[in-house]
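Asker:
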Amino acid sequence: MTKGYALTVDPELRDLRAADHLLLRLAAELALPDGAFGCTHLLRGDRPRVALSFTWPTEPLLRTAREALTGQGYEVCDGVPDAVGRAVAYPGSAALTGTLTIAELLDRSGIDRVTVLGAAEPPRPDTRLMTRDHVRPHWQDGSLVLSAMPAVGGTLVPFEVPDPTPCCADH
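The opening residue of the sequence shown carries number 24 in the numbering used here; numbering runs sequentially from there.
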């Protein structure tokens, strides 16, 4: 994950979508500055759930956020739960809407690279990505990486869909 000053909030949520909504609400309340990240982390074990982490570029911002979050009743701890968080709020994330080329995506955001499922090579810079206004890269070995998959007409889409169908929805 990115270097900086981090803290984790465990809101005891089991639903990734609810965690995304809470993270984005808290990010807005905390007015995350440029260079800050908000990620979700899947916590396994006897109580599977989704934790939230925030990373700021400076320590005073961390102190202010800790005070605000504990003031709202959240239990907060230092650091991040793991090094493979799923970025929800990150530099440039709000600008990743509509259809962009890979070059535009990388230029406009904190994403370091794009991989395509089943492909040995990265996509060409002029390859179009239909964002579906839902771009959730993951941290891999210190880099923010978006996994994409082929779509209609030689385009790509992010691997994660915005509105997944819950397991067993039709039973």
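Positions of the beta carbon are idealized from the N, C-alpha and C atoms, including for glycine.
This structure is a prediction, so every number in the text was calculated from the model and none was measured.
I need the straight-line Cα distance from Tyr28 to Leu84, nearest angstrom please.
Answerer: One C-alpha to the other measures close to 8 Å.
Asker: Taking one C-beta from the stretch 160-168 and one from the stretch 140-152 each time, how about it: are there three or more such pairs within less than 8 Å?
Answerer: At 8 Å Cβ cutoff, the stretches do not touch.
Asker: Considering only DSSP beta bridges, list what His198 is partnered with.
Answerer: Because the chain here runs from 24 to 194, residue 198 falls outside it and cannot be looked at.
Asker: Tell me whether the stretch 58-65 and the stretch 110-126 touch, counting them as touching only if at least three CB pairs, one residue from each stretch, are closer than 8 Å.
Answerer: Contact between the stretch 58-65 and the stretch 110-126 is present, because at least three Cβ pairs lie under 8 Å.
Asker: Thinking just about the alpha-carbon of each residue, which of Thr87, Leu152, Thr138, Met172 is nearest to the one in Glu52?
Answerer: Measuring from the Cα of Glu52, the nearest candidate turns out to be Thr87.
Asker: Can Gly121 and Pro173 be called in contact, C-beta distance under 9 Å?
Answerer: Their beta carbons are not under 9 Å apart, which means Gly121 does not touch Pro173 by this criterion.
Asker: Less than 9 Å between the C-beta atoms of Leu119 and Leu75, yes or no?
Answerer: In this structure, Leu75 does not lie closer than 9 Å to Leu119 by Cβ.
Asker: If you compare alpha carbons, which of Gly115, Leu30, Arg155, Asp186 is closest to Arg89?
Answerer: If we check each option's Cα against that of Arg89, Leu30 comes out closest.
Asker: Determine the burial state of Ala106: buried for a count of at least 16 other Cβ atoms within 10 Å of its Cβ, exposed for fewer.
Answerer: Ala106 is exposed by the Cβ-count criterion.
Asker: What would DSSP say about Asp101, mapped onto helix, strand or coil?
Answerer: In this structure, Asp101 counts as strand in the three-state DSSP scheme.
Asker: For Asp22, count the other beta carbons within 10 Å of its own beta carbon; 16 or more makes it buried, fewer makes it exposed. Which is it?
Answerer: Coverage of the chain is limited to positions 24 through 194, which leaves residue 22 absent and any answer about it impossible.
Asker: Count the other C-beta atoms from every protein chain shown that fall within 10 angstroms of the C-beta of Arg40, then say buried if there are 16 or more, exposed otherwise.
Answerer: By the 10 Å Cβ count, Arg40 comes out exposed.
Asker: If you draw a straight line from the C-alpha of Pro160 to the C-alpha of Ile134, how long is it?
Answerer: Cα to Cα, the separation comes out at about 7 Å.
Asker: Here's the rule I'm using: 16 or more other beta-carbon atoms within 10 Å means buried, otherwise exposed. How should Thr154 be labelled?
Answerer: It counts as buried.
Asker: Among the residues of its own chain, which have a CB less than 6 Å from the CB of Val184, if the five just before and after it don't count?
Answerer: Answer for Val184: no residue qualifies.
Asker: Pro114: buried (16+ other C-beta within 10 angstroms of its C-beta) or exposed?
Answerer: Result: buried.
Asker: Let me know if Asp193 comes out buried or exposed under the rule of 16 or more other beta-carbons within 10 Å of its beta-carbon.
Answerer: With a pLDDT of 48 at Asp193, under the threshold of 50, the modelled position of this residue cannot be trusted, and the question is left open.
Asker: If you check the beta carbons only, do Trp79 and Leu55 fall under 9 Å apart?
Answerer: Taking 9 Å as the Cβ cut-off, Trp79 and Leu55 qualify as a contacting pair.
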